[in-house]
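Participant: Pasting a structure below so you can have a look.
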Amino acid sequence: MAAWEPLADIAAKVQHGELKAVDLVERSLAAIADKAEYKAIIATTAEWARERAKAVDAGDNKGRLAGVPFIAKDNYLAFEAETTAASNILKGFNAPYQATVIERLEAEGAILVAKANLDAFAHGASTENSDFFTTKNPHDKTRVSGGSSGGSAASVALDLVPFALGTDTGGSTRQPASFVGIVGYKPTYGLMSRSGIVAMASSTDVVGTLTRTVEDASLLVDIMAVKDGLDSTMIERDPIGYTKLQADLKGKKIGVIKEHMGDGLADDVRGRVEEAIAALKQAGAEISEVSLPSAPLALAVYYILCPAEVSSNLSRYDGQRYGYSYTEARDLSESYTKSREVGFGKEAKRRIMIGTYVLSSGYYDAYYKKAQTVRTKLINETNEAFGQVDFLLGPVAPTTAFKIGENASNPLAMYLSDVLTVAANLTGMPAISVPCGQAAGLPVGLQLMAPQRADRELLALAVAAEGLVA
Amino acid sequence: MTKLTRDDVLHLAQLARISLSDDEVAEFSEELSAILQYVEQLGSVDVSGLKPTNQVTGLTNVMRDDDVIDYGYDPRDLLKNVPHVQDNQIKVKRMIG
């Protein structure tokens, strides 16, 4: 089976009748069934997808993604399948409205075929915290696909669909992309509406794209970065759009983050990243080293702020309006506490409790406020770095895909997977993971970052880098 | 170095409206203490002269016109996921007594 073509090519062929949307949907559904052992998918939207495909083939094909099948992480509200966020507390939940970005994609003719597995509520780096099952790595079934958007990333790597939606709060799109060998894009914070996406940490949550190429990611960004009047945390889109990319490395100043290339990095990952740096240099990029002295603190900052915001966002799961409800409760208080005890998994509870602690009276200043202030320090340092260079570079993860079970029993060890990705979330800057070779048969990702709102420039750099570093 | 006691964990659980089994209390006491120990490294960081960052967009007071917008939803559809509905209202357990 040939790999999926570029998104724009698929749409053009559907528009000209060379490809039929119904065939594309059947191809996806067949692949999903064929690769079921990887457990990337929670549920399909088969009936709806077939119906939509017929409509596209009958003439509703003017969109830029006409007939293109896609998969969404199951923390995106969508019709025709449950939205569970991979948590027992939302089993049986049918969304009364869809995420805006899904509406945008569907308006351009894209067809949702399935919901992908994730760590429950996006808490995790491997999908081992899913209340349902763990997604396996397409390159090695004994290893994880990363997380929390592990199912979405695996879906694209397995050629189930040409693109998938993830989210990225602390690295959850970039890390799985690096573990399975595809492109994972985290836009500038605020670029896309989060209406209809299950909230995790509201000061860092963003839509993420999982694609085979950077060009595909740029088309999706262009389509999805549109204000909808439903998300007041949105910034303006680039007036030039995101598809007119001047892909040229000559003279581009790229700063390698010293603190991201330290001892914690696996030797084989370091090797691939250094080779990538050499290739970029050869193509005319001006490479230098920059220091972000607070980078080693970013993970501690994140694991105070993220649980704090999680504890607030997950307070809505109280068994009263949707989700699991403990029916034998004697009073309202017990209805809350027992619904949440039974419905939530261990990691959700851990994060809620840590979050509650760091926000509680007597501890708020020492933990939450302190973390927010160290965040300022990190932001100032990255701004200073961008005074010297145009882009930042480093690895995406300290290792390649780890074995299933390796980190599962130690929450803190699992958190350390995020050590290189959280800085971009805390600062709001756009970041991308681009495949840069393999180490012992497992994919390695190269991370590129740019100042906030420089998504178009970052995508252009990544298109130029993509072919050179693979 | 913070070590959470059983009572600390039960207090947090109460604040967060989650009930825990005895095993969970013991487990969380260990795990949460380890996590807090890790994040406490921020305690020694010098942040003099810096203000906390609450959000990175720089936006303030995002407003819209005070108009009623009809999104076209039927209240009955919006209530479909509610465990107990009565007269188009969400019914909850007694709170007092």
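Protein chains in written order, with my numbering: chain A, 95 to 564; chain B, 1379 to 1475. Quick reminder that beta carbons are idealized off the backbone N, C-alpha and C, glycines included.
(1) At the 9 Å Cβ level, is residue 446 of chain A part of the contact set with chain B, yes or no?
(2) Which residues in chain A sit within 8 Å of residue 1421 of chain B, going by Cβ to Cβ distance?
(3) Evaluate residue 448 of chain A with the Cβ neighbour count: other Cβ atoms within 10 Å of its Cβ, from every protein chain shown; 16 or more gives buried, anything less gives exposed.
(4) Is residue 1419 of chain B buried or exposed, if buried means 16 or more other CB atoms sit within 10 Å of its CB?
(5) In whole angstroms, what separates the C-alpha of residue 1456 of chain B from that of residue 326 of chain A?
(6) Does any C-beta atom of chain A lie closer than 9 Å to the C-beta of residue 1455 of chain B?
(7) What three-state label does DSSP hand residue 344 of chain A in the structure shown?
(8) Could you tell me which residues DSSP puts in a beta bridge with residue 278 of chain A?
(9) Run through DSSP, which three-state label would residue 470 of chain A get?
(10) Thinking just about the alpha-carbon of each residue, which of A:399, A:385, A:216, A:231 is nearest to the one in residue 1413 of chain B?
(11) Any Cβ of chain B within less than 9 Å of the Cβ of residue 312 of chain A?
(12) DSSP has residue 261 of chain A in a bridge; who is on the other side?
(13) Can you find the residues in the same chain that come closer than 8 Å, C-beta to C-beta, to residue 553 of chain A, ignoring five residues on each side of it along the sequence?
(14) Classify residue 221 of chain A: buried if its beta carbon has 16 or more other beta carbons within 10 angstroms, exposed otherwise.
(15) Helix, strand or coil: which one does DSSP assign to residue 1394 of chain B?
(16) How long is the line joining the alpha carbons of residue 464 of chain A and residue 392 of chain A, rounded to whole angstroms?
(17) Any C-beta of chain B sitting closer than 9 Å to the C-beta of residue 332 of chain A?
(18) Using DSSP with H/G/I as helix, E/B as strand and the rest coil, what is residue 383 of chain A?
(19) Starting from residue 543 of chain A, follow its DSSP beta bridges and name the residues at the other end.
(20) Going by DSSP in three states, residue 1445 of chain B sits in which element: helix, strand or coil?
(21) Can we say the region 534-549 of chain A touches the region 264-280 of chain A, given the rule of at least three CB pairs closer than 8 Å?
(22) What separation, rounded to the nearest whole angstrom, lies between the Cα atoms of residue 403 of chain A and residue 113 of chain A?
(23) Below 8 Å, how does it come out for the region 157-169 of chain A and the region 199-217 of chain A: are there three or more Cβ pairs, yes or no?
(24) Looking only at its own chain, which residues have a Cβ that is under 7 Å from the Cβ of residue 188 of chain A, when we skip the five neighbours before and after it?
(25) Check the Cβ of residue 1409 of chain B against every Cβ in chain A and list those closer than 7 Å, keeping chain order.
(26) Closer than 9 Å between beta carbons: that is the criterion. Which residues of the region 283-303 of chain A meet it against chain B?
(27) Report the neighbours of residue 414 of chain A on chain B: residues whose CB is nearer than 8 Å to its CB, in chain order.
(28) Using a Cβ cut-off of 8 Å, pull out every chain B residue sitting near residue 426 of chain A, in sequence order please.
(29) Taking the alpha carbon of residue 1326 of chain B as the reference point, which residue from A:197, A:323, A:163 has its own alpha carbon closest?
(30) Run through DSSP, which three-state label would residue 480 of chain A get?
(31) Nearest by alpha-carbon distance to residue 248 of chain A: which of A:150, A:264, A:356, A:131 is it?
(32) With H, G and I counted as helix, E and B as strand and the rest as coil, what does DSSP make of residue 450 of chain A?
(33) When DSSP labels each residue in this structure, what does residue 1387 of chain B get in the three-state scheme?
(34) Got a sec? Which residues, its chain only, sit under 7 Å from residue 255 of chain A by beta carbon, not counting five neighbours each side?
(35) My output table needs one value for residue 1459 of chain B: the three-state DSSP class, helix, strand or coil.
(36) Keeping to the same chain, check which residues put their C-beta closer than 6 Å to that of residue 390 of chain A; ignore five residues upstream and five downstream.
Facilitator: So, to answer that:
(1) Along the first sequence, read from residue 1 onward, the residue named residue 446 of chain A stands at position 352. So, interface residue.
(2) Stepping through the second sequence from its first residue, residue 1421 of chain B is reached at position 43. By Cβ distance, chain A contributes 460, 464.
(3) Locating residue 448 of chain A in the first sequence gives position 354, counting from the first residue. Buried, because 16 or more other Cβ atoms sit within 10 Å of the Cβ of residue 448 of chain A.
(4) The residue you call residue 1419 of chain B lines up with position 41 of the second sequence. So residue 1419 of chain B counts as exposed.
(5) As a first step, residue 1456 of chain B must be located in the second sequence, where it is residue number 78. As a first step, residue 326 of chain A must be located in the first sequence, where it is residue number 232. Cα-Cα distance, rounded: 22 Å.
(6) On the second sequence, residue 1455 of chain B is found 77 positions in, with the first residue counted as 1. So yes, residue 1455 of chain B belongs to the interface.
(7) Against the first sequence, residue 344 of chain A aligns to sequence position 250. Residue state, collapsed to three classes: coil.
(8) Along the first sequence, one-based indexing puts residue 278 of chain A at 184. Its beta-bridge partners are A:304, A:527.
(9) Working through the first sequence from its first residue, we reach residue 470 of chain A at position 376. DSSP places residue 470 of chain A in helix when its eight states are reduced to three.
(10) Here residue 1413 of chain B refers to the residue found at position 35 when the second sequence is read from its first residue. Here the closest residue by C-alpha is A:399.
(11) Position 218 of the first sequence, counting from 1, holds the residue named residue 312 of chain A. So, not an interface residue.
(12) The residue labelled residue 261 of chain A in the question sits at position 167 within the first sequence. Paired residue(s): A:301.
(13) Working through the first sequence from its first residue, we reach residue 553 of chain A at position 459. Counting only Cβ-Cβ distances below 8 Å, and skipping sequence neighbours, we find 279, 308, 311, 312, 315, 336, 339, 526.
(14) As a first step, residue 221 of chain A is located in the first sequence; it is residue number 127 there, counting from the start. Looking at its Cβ environment, which holds 16 or more other Cβ atoms inside 10 Å, residue 221 of chain A is buried.
(15) Taking the first residue of the second sequence as 1, we reach residue 1394 of chain B at position 16. Reduced to three states, the DSSP call for residue 1394 of chain B is coil.
(16) Here residue 464 of chain A refers to the residue found at position 370 of the first sequence. Here residue 392 of chain A refers to the residue found at position 298 of the first sequence. Near 12 Å, if we compare the C-alpha coordinates of residue 392 of chain A and residue 464 of chain A.
(17) If you number the first sequence from 1, residue 332 of chain A lands on position 238. With 9 Å as the cut-off, residue 332 of chain A does not count as an interface residue toward chain B.
(18) If you number the first sequence from 1, residue 383 of chain A lands on position 289. Correct three-state label for residue 383 of chain A: strand.
(19) Within the first sequence, the letter at position 449 stands for residue 543 of chain A. Answer is A:486, A:525.
(20) For this step, residue 1445 of chain B is matched to residue 67 along the second sequence. Looking at residue 1445 of chain B - three-state DSSP - the assignment turns out to be coil, as it is neither helix nor strand.
(21) yes
(22) As a working mapping, residue 403 of chain A is identified with position 309 in the first sequence. As a working mapping, residue 113 of chain A is identified with position 19 in the first sequence. If I take the Cα positions, the gap works out to 45 Å.
(23) yes
(24) Stepping through the first sequence from its first residue, residue 188 of chain A is reached at position 94. Result list for residue 188 of chain A: 176, in chain order.
(25) Position 31 of the second sequence, counting from 1, holds the residue named residue 1409 of chain B. The contacting residues are 444, 505.
(26) 283, 284, 296, 297, 298
(27) If you number the first sequence from 1, residue 414 of chain A lands on position 320. Those within 8 Å of residue 414 of chain A in chain B are 1460, 1461, 1468, 1470.
(28) Position 332 of the first sequence, counting from 1, holds the residue named residue 426 of chain A. Chain B residues near residue 426 of chain A: 1470, 1471, 1472, 1473.
(29) Nothing about residue 1326 of chain B can be read from this structure; chain B reaches only from 1379 to 1475.
(30) On the first sequence, position 386 is the one that residue 480 of chain A refers to. In the structure shown, residue 480 of chain A sits in a helix (DSSP, three-state: H, G or I).
(31) In the first sequence, the residue the question calls residue 248 of chain A occupies position 154. Nearest C-alpha to residue 248 of chain A: A:131.
(32) Counting from one through the first sequence, the residue named residue 450 of chain A turns up at place 356. Residue 450 of chain A falls in the helix class under three-state DSSP.
(33) Reading the second sequence from its first residue, position 9 is the one you call residue 1387 of chain B. DSSP places residue 1387 of chain B in helix when its eight states are reduced to three.
(34) The sequence position of residue 255 of chain A within the first sequence is 161, counting from 1. Hits under 7 Å: 122, 163, 164, 165, 207, 249.
(35) Here residue 1459 of chain B refers to the residue found at position 81 when the second sequence is read from its first residue. In the structure shown, residue 1459 of chain B sits in coil (DSSP, three-state: anything other than H, G, I, E or B).
(36) Working through the first sequence from its first residue, we reach residue 390 of chain A at position 296. So the qualifying residues of the chain are 353.
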